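Going left to right, the sequence shown walks through residues -22 to -1, 1 to 296 as mature numbering (1 follows the signal peptide of the UniProt record, and there is no 0) numbers them. Please read the structure below before turning to the comments.
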Amino acid sequence: MHPVGILAVAAAIAAVPLAAQAEPAAAARQVSAAPVSLATWCKKLVVRLPEVNNTECENSGMSPTGARSLQGFPLLARHVAASPDAKRRPVRVLLMGGIHGDELTSSSIVFNWLQWLGGPLASQFEWRVLPVVNPDGLLARNATRVNANGVDLNRNFPTPDWEHDAPRYWQVRTHRDPRRFPGAAPLSEPESRWVNEEMLRFRPDVIISVHAPFGVLDFDGPSEPPHKFGRLLLDRVGVYPGSLGNYGGVHKNVPVITIELPNALRMPTRAEQWRIWVDMLVWMSRNVERRNDQMAYVVFPHGQDVVAPAPAVLSEQP
């Protein structure tokens, strides 16, 4: 986006009341455009994604959700129901990659895992998969962590006291690092509003968010944390204002696992991808409880939602 366009968008965001900015269902929808085939979008994506080809992308089962990125790219998802012989409601898993556009492997591994959803253990769960949360960052001339508005989507979720804590953390702790700018307001971005809408609609029992390149597991929320997926070991990196782990794990009480792959550009071996996948499935089958939908969220007009239990106290981390 041209710099003038970015300034205009930022000014428009600042002028909109906070309640309107936080309205996920309507605000994440962009002006409709002529339909474009999945094959066309796949051609754009696979140029950037290691180990994902056109055929795999086109056969991934992805479909447009109706939401679009700031620059108009359709935000894609796939829903996979659990095996019909399940005796009770399956655990619902929200799996996402590419919230930071320059973490290319985080999207690629999600595309690869889509091919394994039909396995006997994976089919016990109900899945909602968002492989590319930040397509504008991914498809920028030089892939960027932030979206086209210069916002770190993983600092844009509406954690309590966001208006005070997120700007302060950005200014004091990151020294105004542009790669970690939290935005003008919580849910100011179409991509973060879309993720929030998906959470509200799907009501996951667990959220898996794939990142790179720190080579660890992070965990927020209830349940016994995993100690190891493949070669990735648990290393809690902290709680940040506006992060998905803080928003989902701490304040919505939904377990959030952050899988940090060891390299943003080079994929783990296929065997390691498989080990991470199997360890993740086994951990979920043993540790994730089915949430009471009536207690999970209290939804107010304009898409403003809070957790029924009192939220935990926010703590800043280095």
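The C-beta atom is built at its ideal place from N, Cα and C for all residues, glycine as well. These numbers were taken from a predicted model, which means no experiment stands behind them.
Let me check one thing: in DSSP terms, what residues is residue i bridge-paired to?
i, result
"residue 105", "58 and 71"
"residue 46", "52"
"residue 206", "211"
"residue 186", "73 and 235"
"residue 198", "234"
"residue 15", "Beta-bridge pairing links residue 15 to no other residue."
"residue 41", "55"
Anyone know if the C-beta pair for residue i and residue j falls short of 8 Å?
i, j, result
"residue 243", "residue 28", "yes"
"residue 23", "residue 42", "no"
"residue 160", "residue 133", "yes"
"residue 95", "residue 168", "no"
"residue 188", "residue 38", "no"
"residue 241", "residue 190", "yes"
"residue 57", "residue 137", "no"
"residue 79", "residue 115", "yes"
"residue 111", "residue 77", "yes"
"residue 234", "residue 198", "yes"
"residue 154", "residue 148", "yes"
"residue 209", "residue 267", "no"
"residue 107", "residue 184", "no"
"residue 165", "residue 121", "no"
"residue 51", "residue 113", "yes"
"residue 182", "residue 70", "yes"
"residue 72", "residue 176", "yes"
"residue 91", "residue 220", "no"
"residue 26", "residue 117", "yes"
"residue 30", "residue 89", "yes"
"residue 172", "residue 45", "yes"
"residue 145", "residue 40", "no"
Of the residues the options, which one's Cα is nearest the Cα of residue i?
i, options, result
"residue 216", "177, 208 and 225", "225"
"residue 263", "140, 99 and 30", "99"
"residue 61", "51, 97, 45 and 76", "97"
"residue 206", "253, 176 and 86", "253"
"residue 259", "104, 36 and 34", "104"
"residue 218", "238, 135 and 200", "135"
"residue 204", "170, 261, 186 and 176", "261"
"residue 200", "35, 179, 239 and 227", "227"
"residue 34", "17, 236 and 46", "17"
"residue 36", "45, 19 and 46", "19"
"residue 170", "125, 21 and 40", "125"
"residue 211", "238, 222 and 223", "238"
"residue 93", "265, 255 and 270", "255"
Closer than 8 Å, CB to CB, is residue i near chain B or not?
i, result
"residue 100", "Going by chain labels, chain B is absent from the structure shown, which holds only one protein chain."
Every unbroken alpha helix (DSSP H) inside the segment 215 to 263 [4 residues or more]: Taking only runs of at least 4 residues, no alpha helix (DSSP H) segment lies wholly in the segment 215 to 263.
Whole beta strand (DSSP E) runs in the segment 129 to 198 with 3 or more residues, listed along the chain? Uninterrupted beta strand (DSSP E) stretches at least 3 residues long and entirely within the segment 129 to 198 occur at 184 to 189 and 194 to 198, given in chain order.
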